[in-house]
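Counting along the sequence shown from 1, when you hit position 108 you're at 122 in this note's numbering, and nothing is skipped either side. Every residue, glycine too, gets a C-beta built ideally from N, C-alpha and C. Written out below as structure tokens is the structure these notes cover.
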Amino acid sequence: MQANKDQIAELARTTARFSDAMRTGMAKAFDPVRVGVLQLAVEHGPLRAGEVAERLSALPSSITRHVKALTDAGLIQTRVDAEDRRAVLLEATDAGRVQLRQFLDVGTQVFGAVVADWPAGDVVALTALLDRLIESWAAHGAQQQQRAGRRTRAFGWSQE
Numbered sequence: 015m016q017a018n019k020d021q022i023a024e025l026a027r028t029t030a031r032f033s034d035a036m037r038t039g040m041a042k043a044f045d046p047v048r049v050g051v052l053q054l055a056v057e058h059g060p061l062r063a064g065e066v067a068e069r070l071s072a073l074p075s076s077i078t079r080h081v082k083a084l085t086d087a088g089l090i091q092t093r094v095d096a097e098d099r100r101a102v103l104l105e106a107t108d109a110g111r112v113q114l115r116q117f118l119d120v121g122t123q124v125f126g127a128v129v130a131d132w133p134a135g136d137v138v139a140l141t142a143l144l145d146r147l148i149e150s151w152a153a154h155g156a157q158q159q160q161r162a163g164r165r166t167r168a169f170g171w172s173q174e
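Here it is in structure tokens:
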């Protein structure tokens with residue numbers, strides 16, 4: 015049996031509340047875009063700065079600012095792309111890899127404290143459901159948002 019409209023609306027509100035709570039807490043502790051740049055450099059580097067901007071849905075000028083800060087901190091290094099001399103490739107340094115690992119360990123500790131009183135089965139079940147939601151969103155979310163955008167042009171006030 016499929017979920018009804020009220021159940022889906024409650025899921026949307028709940029995931030939005032969770033996202034807001036995470037974003038609020040993170041914004042006070044660190045810059046999520048800067049961490050995203052470092053994480054992409056560690057996990058997928060070397061990458062072009064434009065690709066990083068695209069993957070993070072961020073403005074290229076924002077990525078440039080974060081790359082400078084991470085480079086100044088010795089966490090990433092840049093070099094000219096041999097295939098396109100106009101482009102810059104980002105790579106994590108050894109120090110960047112260490113810092114990201116330590117950062118993610120702290121995040122795991124924080125999350126562990128949040129769910130410390132949960133039974134392991136609940137953690138596993140929620141993880142599986144969130145993975146399923148992420149996969150469904152990747153498969154259908156953008157297309158559904160585009161369709162909704164075409165139907166709801168009246169919401170222009172909500173766009174930049």
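Residue environment, residue i, which counts as buried when at least 16 other CB atoms sit within 10 Å
i           : result
residue 129 : exposed
residue 148 : exposed
residue 94  : exposed
residue 90  : buried
residue 61  : buried
residue 66  : buried
Neighbourhood of residue i by C-beta, 7 Å cutoff - its chain only, sequence neighbours within 5 removed
i           : result
residue 92  : 81, 85, 102, 103 and 104
residue 59  : 104, 105 and 106
residue 156 : none
Chain-order list of residues whose beta-carbon lies under 8 Å from that of residue i (same chain, five-residue window excluded)
i          : result
residue 56 : 106, 110, 111 and 114
residue 88 : 107, 109 and 110
residue 73 : 67
residue 37 : 46
residue 33 : none
8 Å Cβ cutoff met for residue i and residue j
i           : j          : result
residue 125 : residue 49 : no
residue 47  : residue 75 : no
residue 52  : residue 69 : no
residue 78  : residue 96 : no
Helix, strand or coil at residue i according to DSSP, with G and I counted as helix
i           : result
residue 61  : strand
residue 102 : strand
residue 47  : helix
residue 124 : helix
Own chain partners of residue i with C-beta closer than 6 Å, once the 5 adjacent residues on each side are dropped
i           : result
residue 136 : none
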